[in-house]
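As you go down the protein sequences, you meet chains A and B in turn.
According to the working numbering, the residues represented by the first sequence are 2 to 273, in order.
According to the working numbering, the residues represented by the second sequence are 2 to 273, in order.
Number of protein chains: 2
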Amino acid sequence: MDRNAPIGVFDSGVGGLTVAREIIRQMPDERLVYFGDTARVPYGSKSRETVIRYSRQIIRFLLTKNVKAIVIACNTASAYALETVEKEFDVPIIGVIKAGAVAAVRATRNGKIGVIGTEGTIGSGIYTEVMKQMNPDIEVTGKACPLFCPLVEEGLLHDSVTDEIASRYLSELKGRFIDTLVLGCTHYPLLRSTVGRIMGGDVTLVNPAYETALELKALLAEKELACGCAEDPAADKYRFYVSDLAEKFTAFATSILPRQVKETEKIPIEEY
Amino acid sequence: MDRNAPIGVFDSGVGGLTVAREIIRQMPDERLVYFGDTARVPYGSKSRETVIRYSRQIIRFLLTKNVKAIVIACNTASAYALETVEKEFDVPIIGVIKAGAVAAVRATRNGKIGVIGTEGTIGSGIYTEVMKQMNPDIEVTGKACPLFCPLVEEGLLHDSVTDEIASRYLSELKGRFIDTLVLGCTHYPLLRSTVGRIMGGDVTLVNPAYETALELKALLAEKELACGCAEDPAADKYRFYVSDLAEKFTAFATSILPRQVKETEKIPIEEY
């Protein structure tokens, strides 16, 4: 495996860019290939079987770009597909669930943790499973928030409607006296201030994107795959691919990432 | 073509069931095959090219069920794909746009019509185009309402949040003094009371699902394809197919249709 090869990152759409952003921040020398499945977004309301099939196609595509490691930057795909695909492919693959779960278990003082995410992620029970493996006494409460993604994609990050919807979704979690809350969908860090205000200052918010970038860094170091290419920055250091509507993606990507995204290429992902 | 063959109806998901419901109401003798593309829903935010590719696959699938006519019960797919696919396939195909546009032009007294729909439908400008062909003096104002579908799918049909979002989306249309409003997405008839209250009693709401069923009835009569099978009702009179999550679909379908939907079959639509 070539240590100067890029890292592959994929998501159902734009949300995974919050993970790409953390990787770029923490590992500025690394090259990155991002794929957003904008023709089939969202994954959160789809079945395990379908999400696994889509993930396989995307991994096959990323392998054509000679990636040295793959990050599934989508909570739903991590929940449904990671266990299956990590056995099927030779490249190291990590998801966003484990790092977030570990950070939450470390952060909690009263043993009561909340997780918010899509219907798929919450319904899978995966966060609870991983946390209970670490500590069976942990009490985990999951809550699906299906309107959060559409609200973020409409740009209503600071809005009375988002406040109202968030208050409803989060009231159950407040009633459980959790002291730690996992933002278990890649769109949710963009609602961090709203969620933080409603939950109150005593609740620690865990962002799996940040934790996953840390995990990736450790993994690359361990496998001696960390990039040594700082002195020769490639022109195509960050490359973006989608399955639909490249222009719309480019605009959103530019608003999230620290540098302008110049070009996004559209790929017929069903053929992989 | 067999006049006792079923009518094929398709949509990106559950929304087209409002069209199926109208067909069942107006043509109780007809058999019906419904396909909901739940693995790739929604279409409203996707590109023309992608929506055409998806529509072709679904039409090929419906033809394996020997349908005698096809209704594209999705405004976005009607806007993007109808013109292309009606040339490519031998079976009569109708969409939901034309019937709705015709009804609106007939209904308006002051010549000012509003249209609400997905980003795809509104961005295509198709309602405006069809209405202007009928009467170039008609003034059409389109407004995309991307949060309406997620709100309906969350069941918030009568809710203060939906009221607030609807008030924002509709304020521009109110300012244009329209007297007729097309509910240009199959989910929107389920928000009829909210939209009607905000627009006021003087604004006529046009439901393309109803108008499309009328158009279909006329088409079948004209082509001598109306069903003659009333005396021998088939056990599988209404058949439902989806690309993902059959159970969730079955529950929603039962809540919308006049009779219980017993079974929904999952189809690998990418293979068609």
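Virtual Cβ for every residue (Gly too), placed ideally from N, Cα, C.
Owing to the predicted nature of the structure, the values given are computational and were not obtained by experimental measurement.
Nearest-angstrom Cβ-Cβ length linking residue i and residue j, presumed shorter than 8 Å
i	j	result
VAL131(B)	ILE98(B)	6 Å
ILE117(A)	CYS146(A)	5 Å
GLU225(A)	ARG26(A)	At roughly 22 Å, the Cβ-Cβ gap does not stay under 8 Å, so GLU225(A) and ARG26(A) are not in contact.
ALA167(A)	THR195(A)	5 Å
ILE257(A)	ARG22(A)	6 Å
ILE8(A)	VAL86(A)	The Cβ separation is near 16 Å, so there is no contact.
VAL34(B)	ARG198(B)	About 36 Å separates the two Cβ atoms, so there is no contact after all.
ALA6(B)	VAL52(B)	About 26 Å separates the two Cβ atoms, so there is no contact after all.
THR122(B)	GLY185(B)	6 Å
Test: residue i CB closer than 7 Å to a CB of chain B
i	result
LYS238(A)	no
VAL162(A)	yes
GLU264(A)	no
SER56(A)	no
THR51(A)	yes
Contact with chain A by residue i, beta-carbon distance below 7 Å
i	result
ALA40(B)	yes
PRO151(B)	yes
ASP1(B)	Nothing about residue 1(B) can be read from this structure; chain B reaches only from 2 to 273.
GLU120(B)	no
LEU148(B)	yes
LYS99(B)	no
GLU271(B)	yes
GLU173(B)	no
GLN165(B)	Reading off the sequence, residue 165(B) comes out as Glu, not Gln. For GLU165(B), the answer is yes, since a Cβ of chain A falls inside 7 Å of its Cβ.
GLU155(B)	yes
LYS47(B)	yes
THR255(B)	no
Counted within 10 angstroms of its Cβ, other Cβ atoms place residue i as buried (16 or more) or exposed
i	result
GLU223(B)	exposed
THR65(A)	exposed
TYR88(A)	The identity of residue 88(A) in the sequence shown is Lys, whereas the question assumes Tyr. Per the 10 Å Cβ criterion, exposed.
ALA219(A)	exposed
LEU152(A)	buried
PRO137(A)	exposed
ASP245(A)	buried
ARG41(A)	buried
ARG32(A)	buried
GLY45(A)	buried
ASP12(B)	buried
GLY143(A)	buried
PRO259(A)	exposed
ASP91(B)	exposed
SER161(B)	exposed
LYS263(A)	exposed
SER48(A)	buried
ASN315(B)	Chain B is shown only over 2 to 273; residue 315(B) falls outside these bounds and no answer can be derived.
ASP38(B)	buried
GLY96(B)	buried
LEU158(B)	exposed
GLU154(A)	buried
MET135(B)	exposed
GLY201(B)	exposed
PRO43(B)	buried
*asked:* Can you confirm whether the stretch 53 to 62 of chain B touches the stretch 248 to 259 of chain B when touching is taken to mean that 3 or more C-beta pairs between the two stretches lie within less than 8 Å?
replied: no
*asked:* With three or more C-beta pairs closer than 8 Å as the rule, is the stretch 15 to 25 of chain A touching the stretch 72 to 80 of chain A?
replied: yes
*Every unbroken alpha helix (DSSP H) inside the stretch 220 to 257 of chain A [4 residues or more]*: 247 to 257
_Those runs of the beta strand (DSSP E) which lie wholly inside the stretch 113 to 182 of chain A and span at least 3 residues_ = 113 to 118, 140 to 145
*Counting Cβ pairs, one atom from each stretch, are 3 or more of them under 8 Å apart for the stretch 175 to 188 of chain A and the stretch 100 to 118 of chain A?*
yes
_Extract the residue ranges of the alpha helix (DSSP H) inside the stretch 3 to 64 of chain B, only unbroken runs of 4 or more that lie entirely within it._
18 to 27, 49 to 64
*Inter-stretch contact at 8 Å, needing at least 3 Cβ pairs: the stretch 92 to 112 of chain A / the stretch 202 to 222 of chain A*: yes
*Taking only runs of the alpha helix (DSSP H) that begin and end inside the stretch 62 to 107 of chain A, which ones reach a length of at least 4 residues, in chain order?*
76 to 89
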